[in-house]
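If you read the protein sequences in the order shown, they are chains A and B. If you count the first sequence from 1, position 56 lands on 56 in the numbering used here, and the numbers rise without skipping. If you count the second sequence from 1, position 33 lands on 1033 in the numbering used here, and the numbers rise without skipping. Where a beta carbon is used, it is the ideal one built from N, C-alpha and C, also for glycine.
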Amino acid sequence: GESVGLHLPTLSVQEGDNSIINCAYSNSASDYFIWYKQESGKGPQFIIDIRSNMDKRQGQRVTVLLNKTVKHLSLQIAATQPGDSAVYFCAENIGGGFKTIFGAGTRLFVKA
Amino acid sequence: DTAVSQTPKYLVTQMGNDKSIKCEQNLGHDTMYWYKQDSKKFLKIMFSYNNKELIINETVPNRFSPKSPDKAHLNLHINSLELGDSAVYFCASSQDGGYTEAFFGQGTRLTVV
């Protein structure tokens, strides 16, 4: 069936450490993946994306890795800051269409 | 200037009532969406519209009727509200439906009592 990600796990990290958030997707046909950040009381906000013809993409302090063999996606945040505390969602877009499926999200706590 | 704005932000209503949520985007995007987020933070797509045309309807009860008067607006009308409709509803838009990210509104928290 349609499923992306795990049931809202929680990750707690110390400020300044690196964070890694993982996500499993189920549909081999998915060819576009996005990470979103949702702060309390706000809508999801785009962080970084990756197409299926790539296995790594870097942004500012963030890196997304895609392993199509095992259908796994990860988000790495370097030097995690208190402002990174939020719920992070991976999402997959199937066949470049108009339907994006979200994972269940991971809550990131950053300890000062 | 807010890119995707939806109103109201909070909505408390009784079972059986009919209510609407409005959404407007000023990004010039062709595609708009409605998502529902439940109490466990799970986000599920409800509808996708492209150039005012319905593209995706994710088996949402027909009590939910989206309407897109133009590309910049996608409103959601809900008839005969039920307790299970309580959730946060997000409107979003994207340049097209494919390989571009979506921009989300701030959400409408609907509470049915």
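Residue nearest to residue 1104 of chain B within the set A:39, A:111, A:109, A:77 is A:39 (criterion: CA-CA distance). For residue 107 of chain A, the enclosing beta strand (DSSP E) has its first and last residue at 106-111.
When DSSP states are grouped into helix, strand and coil, residue 75 of chain A belongs to the strand group. Across the structure, residue 1085 of chain B and residue 1099 of chain B are spaced so that their CA atoms are roughly 30 Å apart. According to the DSSP secondary-structure assignment, residue 37 of chain A is paired through a beta bridge with A:45, A:88. Sequence-ordered contacts of the region 1030-1058 of chain B with chain A read 1031, 1033, 1035, 1037, 1040, 1041, 1042, 1043, 1044, 1045, 1048, 1049, 1050, 1055, 1056, 1058 [C-beta pairs closer than 9 Å]. Under the DSSP definition of a beta bridge, residue 1058 of chain B lacks any partner. Residue range 1031-1037 is occupied by the beta strand (DSSP E) that includes residue 1035 of chain B. Contacts between residue 46 of chain A and chain B, judged by CB atoms closer than 7 Å, involve 1101 in chain order. Chain order gives no chain B residues near residue 21 of chain A, where near means a beta carbon separation below 9 Å; the closest approach is about 14 Å.
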